[in-house]
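Everything on this sheet refers to the single structure shown next.
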Amino acid sequence: MRLDQLPDDVLLCILQYCGARELAALSSTCSLFHRLTCDDFIWKNLSHREFDLSLLNTGDIKSYRKLYTNLLHKYGLMLGLYQSQIGPLGGLLEIRYCDGKIEGVSWEPSSMQDVSAPLTECVFFSVPGDRFLTPQCFPGPNAHPCSLTFDKWRGIVTQRCFNSFKHTNDSSGLDLIHLNLNPKKLRLIFLNEVMGRGLEHKPLFIPTASSIPKSLLNKDGSVPKQIITPGLFQGYYGSHGHEIILFKYKDENEMCGYKVTGDVNVYASKVTVKIQLKYPVAPSKADQKCLETLKNMEPARTDAGVHKILEQPFYVPAECFEPTTPFPARCTARYHGFGQVASTWYQNPSFTPVQVVIFNNDLLGVLWLEMSLFSLYSRIKKKFTSNALKIGTSAL
Ligand SMILES: [Zn+2]
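For the record, in the sequence shown the residue sitting at position 134 is 122 according to our numbering, with numbers rising by one throughout.
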């Protein structure tokens, strides 16, 4: 029997396993296949098979064929999470499908007070679902054309602005050094600086619980409450505002926090905190009241395993600055660690002793002993579009 003698529903069943290239080739063979390959059911399956559209409200999609051929075919591989290279400041960018468009959304901390406040979104670019329209830089009153290129080897998206003076008005003549206290203005300056020559967004793959070294897990494979699963956190950085940090395991001895965003002292992509998992500490209530006593504690190595660490009370030393986000009075573990500090423009960087306090899987605190500062880090619970293909290496 010839292929075109099969009933339509059987052919449709077969066609739903074809890729876009095969569908295009088949559609030009005869009127039967042309008609069948126009069936939106096939394109719906193809779109969902190749791209993570699960987070979207796809109810408004009138034609999956148009969605695929106009948008996903060219821009679909870009869907996912990225670290934007905005000078020293960096950024967290999600490329998502939304309301018939593909958008690059920068997620930014919204509050100077509460590290658990939801992030706010700022649309960096938008690709209209019409193949005759060009991508737009900063959609809104100042929208202007830009180009988006995708490096299929390194997974890097480059956004090139054709009209960068459109967003420089606000920053001309501003003095960088004296803007230290205004993170928003600084960010705008660095953004404008890179926009004209091409803003790079590097792929950011968030490790899952399966990346936790096996020796740290409980016997039944579960995660002990004394450690956290890797992921994105929002943390307090004083006058620099809140920053976005990726916590992940280096090995069974160390977990590191890397800056997704950064500031003019310690730049984006640098390590901000190292947690020494083999060096737990358990200061008494009296010891915790005084920063000097904590500084003088000699960290001692133990190979007993993190699950042996006992829950303990936690007090902020009297001399320390306290965060405004509430935190529990007890913690599940406390470790010795190091935090990175530097002068402006990452001059003279060094690691200074810290103590890291694990309250629960979504909240930890860092006591910067030399700086008399206690800062909180709260897990970002938002679900982001996952990278369509794991192309290239993760920025962090
Ligand atoms: Zn622009």
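C-beta atoms are modelled at their ideal positions from N, C-alpha and C, and glycine is treated no differently.
Query                                                                                                                                                                         : Result
Just to confirm, does residue 132 get its C-beta within under 7 Å of one of the non-hydrogen atoms of ligand 1?                                                               : yes
Using a Cβ-Cβ cutoff of less than 8 Å, which residues in the same chain neighbour residue 106 once the five nearest sequence positions on both sides are dropped?             : 98 and 370
Since residue 134 contacts residue 150 with CB under 8 Å, what's their CB separation in whole angstroms?                                                                      : 6 Å
Which whole-angstrom value describes the C-beta separation of residue 337 and residue 328, a residue pair presumed to lie in contact below a C-beta threshold of 8 Å?         : 6 Å
List the endpoints of the continuous alpha helix (DSSP H) containing residue 22.                                                                                              : 19 to 24
Just verifying my parser: in three-state terms, what is the DSSP assignment at residue 199?                                                                                   : helix
So, are the CB atoms of residue 334 and residue 222 less than 8 Å apart?                                                                                                      : no
Sorry if obvious, but does the Cβ on residue 388 come closer than 7 Å to a heavy atom of ligand 1?                                                                            : The chain is shown only over -11 to 384; residue 388 falls outside these bounds and no answer can be derived.
As an exercise, report each continuous beta strand (DSSP E) stretch of at least 3 residues that is fully enclosed by the stretch -9 to 74, in chain order.                    : 68 to 72
Using the C-alpha atoms, what's the distance from residue 59 back to residue 320?                                                                                             : 48 Å
May I have the straight-line CA-CA distance separating residue 13 from residue 199, to the nearest angstrom?                                                                  : 42 Å
Which whole-angstrom value describes the C-beta separation of residue 29 and residue 64, a residue pair presumed to lie in contact below a C-beta threshold of 8 Å?           : Not quite, the Cβ-Cβ distance comes to about 19 Å (not below 8 Å), so this is no contact.
DSSP puts residue 308 in a beta bridge; with which residues?                                                                                                                  : Beta-bridge pairing links residue 308 to no other residue.
For residue 251, count neighbouring C-beta atoms within 10 Å of its own C-beta (all shown protein chains included) and say buried if the count is 16 or more, exposed if not. : buried
How about residue 375: is its Cβ closer than 7 Å to a heavy atom in ligand 2?                                                                                                 : In the structure shown, ligand 2 is absent; the only ligands present are ligand 1.
Quick one: is the Cβ of residue 126 within less than 7 Å of any heavy atom of ligand 1?                                                                                       : yes
Check whether the Cβ atoms of residue 248 and residue 73 lie closer than 8 Å to each other.                                                                                   : no
Can you give the Cα-Cα distance for residue 76 and residue 255, rounded to whole angstroms?                                                                                   : 5 Å
Assess, as a yes-or-no matter, whether the stretch 287 to 303 is touched by the stretch 77 to 89 under the definition of 3 or more beta carbon pairs within less than 8 Å.    : no
Less than 7 Å between the CB of residue 149 and some heavy atom of ligand 1, yes or no?                                                                                       : yes
Does the structure place the stretch 235 to 246 close enough to the stretch 260 to 270 that three or more beta carbon pairs sit under 8 Å?                                    : yes
Mapping DSSP to helix, strand and coil, what is residue 171?                                                                                                                  : helix
Using 8 Å as the Cβ pair cut-off and three pairs as the minimum, do the stretch 308 to 323 and the stretch 346 to 360 touch?                                                  : yes
Looking at residue 265: is its Cβ nearer than 8 Å to the Cβ of residue 240?                                                                                                   : yes
Between residue 93 and the rest of its own chain, which residues show a CB-CB distance below 6 Å, the 5 nearest in sequence each way excluded?                                : 82, 109 and 111
Pull up the DSSP beta-bridge partners for residue 321, would you.                                                                                                             : 346
What I want to know is whether the C-beta of residue 359 ends up closer than 7 Å to one or more non-hydrogen atoms of ligand 1.                                               : no
Is residue -11 near ligand 1, going by C-beta to nearest heavy atom under 7 Å?                                                                                                : no
Which residue from 16, 379 and 115 puts its Cα closest to that of residue 127?                                                                                                : 115
Secondary structure at residue 371, three-state DSSP: helix, strand or coil?                                                                                                  : coil
Within 7 Å: the Cβ of residue 285 and any heavy atom of ligand 1?                                                                                                             : no
Classify residue 309: buried if its beta carbon has 16 or more other beta carbons within 10 angstroms, exposed otherwise.                                                     : exposed
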